[in-house]
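>
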Amino acid sequence: MRCPAWRSPTTPGHLTRMPNPASTDAAAPILQVSTTETGAAVLRLSGVLDAEHVEAVWKPALDALQRLNDMPVVLDAAGVRHADGAGIALLLDLLRQPRLPHAPVRIEGLDPRYRTLLDQFDPAHFHPRARRARPPARLREVLGRGGVAAGTSALDALAFIGESISALAAAVLSPRSLRWRDILLAAQRVGADALPIVSLISFLMGLILAFQAAVSMRQFGAEILVADLVGISLVRELGPLMTAILLAGRSGAAFAAEIGTMRVNEEVDALVTMGLHPVRFLVVPRMLAALVMTPLLTLYANMIGLLGGAAVMSTFDIPLSAYMRETFAFVGLSDFLGGMAKTIVFGAIVAGVGCLRGLQTRAGAASVGLAATSAVVTALVLIVVADGIFAVAYYYLDI
Amino acid sequence: MSIADPIIRVENLTVGYGGKAILQNLSFEVRRGEVLVILGGSGSGKSTLLKHMIGLYPPMSGRVLIEGEDIVRAEGAHRQAILRRFGVMYQHGALFGSMTLLENVRFPLEMFTHLSDRAIDLIARTKLDLVQLSGSEELLPAELSGGMRKRAAIARAMALDPAILFLDEPSAGLDPITSAEVDQLVLRLSRSLGVTFVVVTHELPSIFTIASRVIMLDRRSRGIVAAGDPRALREHAEDDRVRRFLNREPEPA
Chain A
466 MRCPAWRSPT TPGHLTRMPN PASTDAAAPI LQVSTTETGA AVLRLSGVLD
516 AEHVEAVWKP ALDALQRLND MPVVLDAAGV RHADGAGIAL LLDLLRQPRL
566 PHAPVRIEGL DPRYRTLLDQ FDPAHFHPRA RRARPPARLR EVLGRGGVAA
616 GTSALDALAF IGESISALAA AVLSPRSLRW RDILLAAQRV GADALPIVSL
666 ISFLMGLILA FQAAVSMRQF GAEILVADLV GISLVRELGP LMTAILLAGR
716 SGAAFAAEIG TMRVNEEVDA LVTMGLHPVR FLVVPRMLAA LVMTPLLTLY
766 ANMIGLLGGA AVMSTFDIPL SAYMRETFAF VGLSDFLGGM AKTIVFGAIV
816 AGVGCLRGLQ TRAGAASVGL AATSAVVTAL VLIVVADGIF AVAYYYLDI
Chain B
163 MSIADPIIRV ENLTVGYGGK AILQNLSFEV RRGEVLVILG GSGSGKSTLL
213 KHMIGLYPPM SGRVLIEGED IVRAEGAHRQ AILRRFGVMY QHGALFGSMT
263 LLENVRFPLE MFTHLSDRAI DLIARTKLDL VQLSGSEELL PAELSGGMRK
313 RAAIARAMAL DPAILFLDEP SAGLDPITSA EVDQLVLRLS RSLGVTFVVV
363 THELPSIFTI ASRVIMLDRR SRGIVAAGDP RALREHAEDD RVRRFLNREP
413 EPA
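Top to bottom, those sequences are chains A and B.
Positions 466 to 864 (the working numbering) are the ones given, in order, by the first sequence.
Positions 163 to 415 (the working numbering) are the ones given, in order, by the second sequence.
1. Could you please tell me which residues of the segment 564 to 597 of chain A, in chain order, have their CB closer than 7 Å to any CB of chain B?
2. Decide if Pro661/A is buried, meaning its Cβ has at least 16 other Cβ atoms within 10 Å, or exposed.
3. State yes or no: is the beta carbon of Ile809/A nearer than 8 Å to at least one beta carbon in chain B?
4. Would Arg313/B and Ala286/B be called neighbours here (beta carbons separated by less than 8 Å)?
5. Exposed or buried, which one is Asp402/B when buried takes at least 16 other CB atoms within 10 Å?
6. For Gly940/A and Gln825/A, I'd like the C-alpha separation in whole angstroms.
7. Given this structure, state the Cα-to-Cα distance separating Gly834/A from His567/A, to the nearest angstrom.
8. Below 6 Å CB to CB, which residues in the same chain sit around Pro486/A once its five sequence neighbours on both sides are set aside?
9. Using CA coordinates, which residue listed in Leu559/A, Ser511/A, Ala551/A and Arg546/A is at the minimum distance from Arg532/A?
10. So, are the CB atoms of Pro750/A and Asp647/A less than 8 Å apart?
11. Taking just the CA atoms, how far does Ala713/A sit from Ile244/B?
12. Who are Tyr179/B's beta bridge partners in DSSP?
13. Examine chain A for any beta-carbon lying closer than 8 Å to the beta-carbon of Glu285/B, and answer yes or no.
14. Comparing the C-beta of Ser333/B with each C-beta of chain A, is any distance below 8 Å?
15. Give me the Cα-Cα distance between Ala766/A and Arg822/A, rounded to the nearest whole angstrom.
16. Once DSSP output is grouped into helix, strand and coil, what is the label at Ala389/B?
17. Output, in chain order, the set of chain A residues within a Cβ distance shorter than 8 Å of Ala281/B.
18. Buried or exposed: Ala858/A, going by 16 or more other Cβ atoms within 10 Å of its Cβ?
19. Report the option in His240/B, Ser296/B, Ile228/B and Arg171/B whose CA atom is closest to the CA atom of Pro324/B.
20. Leaving out the 5 sequence neighbours to the left and right, which residues in its chain are closer than 7 Å to Ser488/A when beta-carbon positions are compared?
21. Take Phe625/A and list the residues in its own chain whose beta-carbon comes closer than 6 Å to its own, dropping the five residues that flank it on each side.
22. Where DSSP assigns a beta bridge to Met424/B, which residues make up the other side?
23. Would you mind telling me which residues of chain A sit closer than 7 Å to Ala304/B, beta carbon to beta carbon, in chain order?
24. Using only alpha-carbon positions, find the residue among Gln497/A, Leu514/A and Asp549/A that is nearest to Pro525/A.
25. Between the segment 777 to 785 of chain A and the segment 809 to 820 of chain A, do three or more beta carbon pairs fall short of 8 Å?
26. Which chain A residues are close to Gly195/B, counting only those with a beta carbon under 8 Å from its beta carbon?
27. DSSP three-state call for Ser352/B: helix, strand or coil?
28. For the beta strand (DSSP E) that Ala516/A lies in, which residues bound it at each end?
29. Asn534/A: buried (16+ other C-beta within 10 angstroms of its C-beta) or exposed?
30. Among Tyr861/A, Ser618/A, Arg564/A and Gly612/A, whose alpha-carbon lies nearest the alpha-carbon of His592/A?
31. Which residues in chain B have a C-beta closer than 7 Å to the C-beta of Ile526/A? List them in chain order.
32. Is Ala722/A close to chain B, meaning its C-beta is less than 8 Å from at least one C-beta of that chain?
33. By the criterion of Cβ-Cβ separation under 7 Å, what are the contact partners of Ala679/A in chain B?
34. Cβ atoms of Ala709/A and Ile848/A: under 8 Å apart, would you say?
35. Give the DSSP-derived three-state secondary structure of Ala448/A in the structure shown.
36. Give me the Cα-Cα distance between Leu211/B and Ala236/B, rounded to the nearest whole angstrom.
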C-alpha cells in the first residue's frame with residue numbers, strides 16, 4: 466500500500482520544536498565571568514552546549530567578551546559535558562571576534578573530542594562581516610534595466626510568433642507530417658474535458674443575465690425583450706470572453722506548466738538534439754487543438770447560456786418557443802460570426818502565451834509556478850486588449 | 163555503549179509496491195559509527211530499502227528500529243523525535259531551488275530550534291565549511307555543479323547534528339575526482355564526528371574506499387545474498403554473483 470504523496474505514512478502530528486530551555490533544566494549551560502589579579506579574564510562555560518540549550522549563554526558570552534575588550538580572555542571549557550555543532554559554533558563565534566593584539570582570546574580545558582571538532586574550522590573563514598549593503602538603484606538604472614527587459618521580452622515574443630506562424634503554415638501545407646495523436650490528446654484536454662466547467666459557468670451566466678434584466682423589464686411589461694438582451698450579450702461578448710478566460714485558467718496554465726517541466730527536465734533540449742524543433746513538436750499540436758476547440762466550446766457555451774435564460778423566462782410565463790423565436794429573430798448571423806471570429810484569436814492567444822511561457826521557463830520548481838502564473842495573467846490581459854480592438858473595429862465596420 | 167552496539171536494526175522487513183514484494187524477510191543491523199553500504203544491481207531494491215528505513219513508505223511487514231525505536235509504527239511527536247535522529251541526502255540533492263545554499267542549510271535550524279538568527283547563520287556556515295562550500299553561501303542550487311549540489315545536500319542533512327546520515331547514490335553522475343572527494347568527505351565526517359552512514363551505491367571504487375561493511379541485495383532472491391567486508395567478499399564470496407559484482411565481470415553467457 467502506498468500513501469498519497471502529500472502526507473506522511475503515519476500522521477506526522479504537530480511540528481514540534483526542541484523544548485525551550487527552562488532555567489530549571491539540569492543540562493542548562495552556565496556562564497561565569499571572573500578576572501584574575503594578573504589582568505586577565507576567565508569566561509567559564511559549563512554544562513551541555515547543544516542546539517537545545519546553547520542559546521541561553523550565547524548572547525551573554527558575546528556581551529562579556531565585548532566588555533573585556535582590553536584584556537586577554539581565557540575561555541575555560543573544562544566543564545562542558547557535551548557539545549554538538551551548535552556548541553562548537555558558539556566557541557567559534559567567541560574565537561572569531563576581532564580583538565586587539567594585547568587582548569587575545571584562547572580556549573582551555575576543552576575535552577579533546579570537542580577540540581578536534583572545533584579544530585576543523587579556521588576562525589579566519591568565519592570573520593564576522595557586515596552584510597554587504599547593495600547601493601540603492603538609481604532611477605535611470607531602474608528604467609534602463611526595465612527597458613532592456615521589456616525590449617528582450619518583446620523580441621522573444623515576436624520571434625516566437627514568427628516561428629509559430631511558419632511552423633503552423635508548414636503543418637497545414639503537409640498535414641501528413643503532423644502527429645495527430647498529440648493533437649487529438651490536446652484537443653481532448655482543451656475541449657472535451659472543459660465541458661463540465663464551461664456548462665456550469667455559462668448556464669449560470671445566462672441565468673443571472675436573464676433574471677437581472679427580467680426584473681426591470683417586467684415593470685414595462687416587456688419581458689420578451691430579455692431574450693434579445695441575453696442573446697446579443699452572450700453571442701457577441703460574454704460567450705467568447707468567458708470561454709477564453711476559462712481556457713486561459715485551465716489550458717494556458719497547463720501548457721506552461723507542462724512545457725516548463727519538460728524544459729527543467731531537459732526534455733526540450735533532447736528534442737532539439739534529435740533535430741526536432743520544439744515549436745513544431747510542442748507548440749503546433751497545442752495551437753491547432755486550441756484553434757479548433759475554442760470556437761466549438763464557445764458555441765456550446767452560447768447554447769447553454771441561452772438555455773439558462775430560457776429557464777428564467779419560463780418562470781415569467783414565456784414559453785420556450787416564444788423565447789427561441791425572439792432570440793433568432795433579433796440575433797443575426799453577423800453577430801454570431803463576429804463572436805466566432807474573436808474566439809479564434811482568443812484561442813491563439815491562450816495557446817501561444819501558454820507555450821511561450823513554458824518555453825521561457827528557467828531552472829527549478831519555482832520557475833514552473835511563475836511560468837504558469839504569467840501564462841494566465843498575460844493571456845487575460847491580451848484577451849481584454851484584443852476584445853477592445855474587436856469592439857472598435859466592429860463599431861466602424863457597423864457589424 | 164560499545165562500538166558494535168547496533169544503531170539501526172531491521173527486523174523481518176518485507177517491502178514492495180502494489181502487493182508485490184521486492185525484498186522479503188530482510189534482517190540486518192547497522193553498527194554505531196560504521197559506514198554501511200547497501201549495494202546490488204539495478205532493480206535489486208536498494209533505494210526502496212533506503213526509503214523504507216527512513217520511514218518514507220510503510221513496509222508490508224516487519225520493523226525498522228532506529229536507536230531501539232520503531233519508525234514504522236511511531237506517530238505524531240514520537241515520530242518527529244525519531245526523524246530528528248537522522249539526515250537524508252537524496253539522489254539529486256533535493257535542495258530547495260528558490261533558496262540559496264545558506265538558506266537551505268538554515269531551514270531545518272530555523273524550523274526546529276530556538277537559536278538566534280546570528281547563531282543559526284554561523285552554524286549553517288560551519289556545516290557548509292565542513293563540506294568545503296565556504297564562499298558559495300549565496301549561490302542558488304541551479305548555479306551549482308552536480309558535486310557541489312550533493313555536498314550541499316549533505317550539509318543540509320547534517321544541520322541538526324543527526325547521529326545517522328543516509329546517502330542515496332552519493333557518487334552517481336559525478337566525475338572520478340569529484341566522486342573521490344565525496345568519498346573523502348564521508349570518511350572524514352565518519353571519523354571526526356562519529357556519524358553513522360548508510361550509503362546506497364553501486365560505484366565500486368567508492369564502495370572499496372568508504373565501506374566498513376556491505377550488504378548486497380539481489381533481485382532474484384529478493385534478499386541479502388552477502389554481507390561483510392567488501393575486500394574479503396571480492397576474493398572469497400561463496401556466491402558467484404557477489405564476486406562478479408565486486409570484480410566487475412559480466413554474467414557468463
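The beta carbon of each residue, even a glycine, is placed where N, CA and C say it ideally should be.
Note that the structure is predicted; figures quoted are calculated from it, not measured.
Concretely, from the data shown:
1. Thr581, Leu582, Gln585, Phe586, His590 and Phe591
2. Counting from 1 along the first sequence, the entry for residue 661/A is found at position 196. With fewer than 16 other Cβ atoms within 10 Å, it is exposed.
3. Taking the first sequence and counting its residues from 1, the one referred to as residue 809/A is at position 344. Chain B contact via Cβ: absent.
4. Here residue 313/B corresponds to residue number 151 of the second sequence, with the count starting at 1. Here residue 286/B corresponds to residue number 124 of the second sequence, with the count starting at 1. Not a contact, by the Cβ cut-off of 8 Å.
5. Position 240 of the second sequence, counted from the start, is the residue given in the question as residue 402/B. Exposed, by the Cβ-count rule.
6. Outside the displayed span of chain A (466 to 864) sits residue 940/A, for which this structure offers no information.
7. Counted from its first residue, the first sequence places residue 834/A at position 369. Counted from its first residue, the first sequence places residue 567/A at position 102. Straight-line Cα distance between these residues: approximately 56 Å.
8. Position 21 of the first sequence, counting from 1, holds the residue named residue 486/A. Because the pLDDT at Pro486/A is just 47, under 50, the model does not fix this residue reliably, and the value given afterwards should be weighed accordingly. So the list reads Ala493, His518 and Ala521, once near-sequence residues are dropped.
9. Working through the first sequence from its first residue, we reach residue 532/A at position 67. The shortest C-alpha separation from Arg532/A is found at Leu559/A.
10. Locating residue 750/A in the first sequence gives position 285, counting from the first residue. Locating residue 647/A in the first sequence gives position 182, counting from the first residue. Result yes, Cβ atoms of Pro750/A and Asp647/A sit closer than 8 Å.
11. The residue given as residue 244/B occupies position 82 in the second sequence. The residue given as residue 713/A occupies position 248 in the first sequence. Computed Cα separation, rounded: 46 Å.
12. Taking the second sequence and counting its residues from 1, the one referred to as residue 179/B is at position 17. Per DSSP, Lys182/B.
13. Here residue 285/B is taken as the residue at index 123 of the second sequence, counted from 1. A quick correction: the sequence has Ile, not Glu, at residue 285/B. Yes, because at least one Cβ of chain A sits closer than 8 Å to the Cβ of Ile285/B.
14. Translated into the one-based positions of the second sequence, residue 333/B becomes position 171. False, the Cβ-Cβ gap to chain A never drops below 8 Å.
15. As a first step, residue 766/A is located in the first sequence; it is residue number 301 there, counting from the start. As a first step, residue 822/A is located in the first sequence; it is residue number 357 there, counting from the start. When rounded, the distance between both Cα atoms is 27 Å.
16. Position 227 of the second sequence, counted from the first residue, corresponds to residue 389/B. The answer is strand: DSSP assigns Ala389/B an E or B state.
17. Counting from one through the second sequence, the residue named residue 281/B turns up at place 119. Within chain A, the residues near Ala281/B are Val519, Glu520, Trp523, Ala551, Ala554, Leu555 and Asp558.
18. For the purposes of this step, residue 858/A is taken as residue 393 along the first sequence, with counting starting at 1. Classification of Ala858/A: exposed, given that the 10 Å Cβ count is below 16.
19. As a working mapping, residue 324/B is identified with position 162 in the second sequence. Measuring from the Cα of Pro324/B, the nearest candidate turns out to be Ile228/B.
20. Mapped onto the first sequence, residue 488/A falls at position 23. With a pLDDT of only 45 at Ser488/A, under the threshold of 50, the placement of this residue in the model should not be trusted; the figure read from the coordinates follows. Cβ neighbours of Ser488/A beyond the five flanking positions: none.
21. Stepping through the first sequence from its first residue, residue 625/A is reached at position 160. Closer than 6 Å at Cβ, skipping near neighbours: Leu821.
22. This structure cannot speak to residue 424/B, because chain B is shown only from 163 to 415.
23. Within the second sequence, numbered from 1, the residue matching residue 304/B stands at position 142. Correct list: Ala828 and Gly829.
24. Here the question's residue 525/A lines up with position 60 in the first sequence. Here the closest residue by C-alpha is Gln497/A.
25. no
26. Locating residue 195/B in the second sequence gives position 33, where the first residue counts as 1. Correct list: empty, because the minimum Cβ distance to chain A is about 13 Å.
27. Here residue 352/B refers to the residue found at position 190 of the second sequence. In the three-state reduction of the DSSP assignment, Ser352/B falls in the helix class.
28. By one-based count along the first sequence, residue 516/A stands at place 51. No beta strand (DSSP E) holds Ala516/A; DSSP gives it neither H nor E.
29. Indexing the first sequence from 1 puts residue 534/A at position 69. Exposed, since its Cβ has fewer than 16 Cβ neighbours within 10 Å.
30. Taking the first residue of the first sequence as position 1, residue 592/A is located at position 127. With distances taken between Cα atoms, His592/A lies closest to Arg564/A.
31. Along the first sequence, one-based indexing puts residue 526/A at 61. The question names Ile, but residue 526/A is Ala in the sequence shown. Chain B residues near Ala526/A: none, gap ~11 Å exceeds 7 Å.
32. The residue you call residue 722/A lines up with position 257 of the first sequence. Chain B contact via Cβ: absent.
33. As a first step, residue 679/A must be located in the first sequence, where it is residue number 214. Chain B residues near Ala679/A: none, gap ~52 Å exceeds 7 Å.
34. Against the first sequence, residue 848/A aligns to sequence position 383. Against the first sequence, residue 709/A aligns to sequence position 244. A contact, by the Cβ cut-off of 8 Å.
35. The displayed coordinates of chain A run from 466 to 864. Any statement about residue 448/A would go beyond what the structure contains.
36. Indexing the second sequence from 1 puts residue 211/B at position 49. Indexing the second sequence from 1 puts residue 236/B at position 74. Each residue's alpha carbon lies about 18 Å from the other.
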